[in-house]
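For the sequence shown, the working numbering assigns the number 165 to the initial residue and increments by one for each residue that follows. Note that the Cβ used here is the ideal one computed from N, Cα and C, for glycine as well.
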Amino acid sequence: MLKHFLRLTDFHRDDLLAILDLAADLKARQARGEPHRLLEGKSLAMLFEKSSTRTRVSFEVGMCQLGGQALFLSPRDTQIGRGEPVQDTARVLSRYVDAVMIRTFSQDTLETFARFSTVPVINGLTDLLHPCQLLADLLTVAERREGLDDLVVAWVGDGNNMAHSWIHAAQVLGFTLRLACPEGYEPSEEILAPALAAGARVRLAAEPLEAADGAHVVTTDVWASMGQEEEQSEREEAFAGYAVDRQVMAGADPAAIFLHCLPAHRGEEVSEEVLEGPQSAVWDEAENRLHAQKAVLVTLLGEDSAG
Ligand code: CP
Ligand code: NVA
């Protein structure tokens, strides 16, 4: 059966844990210098309608390490940028490549693409969700502690695509997530309501210190995401008091780690001291994009993925 990777809630807990195990295994094999060309001869098209450093490079290098190849496509030099319908692009690319990774604005565009695609489609970030990043974040957490069951995660800042994917992860995996977001910047009800209805241990906290209290992970993201650049100054006002700084980290568990998907704005959502400090795991987190996405690719495209 054709399987996409569009949102974490499309997967069962065991499926996500299996992807994380595979990611850890692939990381270890790479560290030992052991070839793992599990996708020999396969091609991945990568369609980017927004900027990227980590997603682009980790998918491209990941496909190469797996024995396949990746093609970078941007609207500037493909017909999609001149208005070719997404459903036509999906059907055509499906005839050439074995999978497509898309970074776009609307989740609807991604879902439409997936509906018309006959090969697996991977969400490389939309305005709504960033599930690949969450896999890397969970891998980073799993490397530092046993199991995810009693995990408490604090989200501080915008209720954006990253916050939404954290909610999905908490919903599927069962850990506790507290989100402190300024008024008017809470997560979308489209994401929060179904999670709460499904019994997810997710709640909104009144302020950052309440969210961080005893948490094992403190995480945040930029105040203005891609596409919201013109809201930067109004958001800076609204988000005053919502930075992760020494005081917020001091309220968390003493062994807590700090995560940020990057790029980060030092002195806005996170202080320089926290980002560069001993609790920061952001460079491992960024590296883990590579290993987690290789695991997604092998899961969707590898020999065992058929049927
Ligand atoms: N975290 C992340 O997705 O980074 P890029 O925008 O550089 O891909
Ligand atoms: N929320 C950010 C994440 C960037 C990786 C954005 O969408 O721009």
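- In this structure, valine 261 and leucine 208 form a Cβ contact; the two beta carbons are roughly 6 Å apart against a cut-off of 8 Å.
- DSSP places tryptophan 447 in the uninterrupted alpha helix (DSSP H) bounded by 446-465.
- Those residues having their beta-carbon less than 6 Å away from any non-hydrogen atom of the ligand CP are, in chain order, Ser216, Thr217, Arg218, Thr219, Leu289, Gln297, Cys425, Leu426.
- Ranked by how close their Cα comes to the Cα of phenylalanine 223, the residues Phe236, Glu213, Lys214, Thr384 have Phe236 in first place.
- At least one heavy atom of the ligand NVA is found less than 7 Å from the C-beta of aspartate 385.
- The count of Cβ pairs closer than 8 Å, one atom from the stretch 194-208 and one from the stretch 347-364, stays below three, leaving the stretches out of contact.
- Counting only runs that start and end inside the stretch 232-283, the alpha helix (DSSP H) elements of at least 4 residues fall at 250-260, 271-280.
- When the five nearest sequence neighbours on each side are left out, the beta carbons in the same chain lying within less than 6 Å of the beta carbon of glutamine 271 are those of Thr290, Leu292, in order along the chain.
- Going by C-alpha positions, leucine 299 is about 27 Å away from alanine 370.
- Considering only Leu186, Asp322, Thr173, the residue with the shortest C-alpha distance to alanine 459 is Leu186.
- DSSP places threonine 219 within a helical segment (H, G or I) once states are collapsed to three.
- Per DSSP, tryptophan 319 is one residue of the beta strand (DSSP E) stretching across 316-320.
- Excluding its 5 nearest sequence neighbours in each direction, arginine 453 has C-beta neighbours in its own chain below 6 Å: Arg218, Ser222, Ala300, listed in chain order.
- When beta bridges are read from the DSSP output, alanine 420 appears opposite no residue.
- Counting only runs that start and end inside the stretch 337-406, the beta strand (DSSP E) elements of at least 3 residues fall at 340-344, 366-369, 381-384.
- Here the stretch 371-388 lies against the stretch 315-325, with 3 or more beta-carbon pairs under 8 Å apart.
- In this structure, the C-beta of asparagine 287 stays at least 7 Å away from each heavy atom of the ligand NVA.
- In this structure arginine 259 is exposed. Its beta-carbon is surrounded by fewer than 16 other beta-carbon atoms within 10 angstroms.
- For leucine 303, the secondary structure class from DSSP, reduced to helix, strand or coil, is helix.
- For threonine 268 against glutamate 353, the beta-carbon gap comes to about 22 Å, at or over 8 Å, which does not count as contact.
- In the three-state reduction of the DSSP assignment, leucine 208 falls in the strand class, which pools E and B.
- In this structure, DSSP gives arginine 196 a state outside helix and strand, which the three-state scheme calls coil.
- Counting along the chain, valine 412 sits inside the alpha helix (DSSP H) bounded by residues 410-415.
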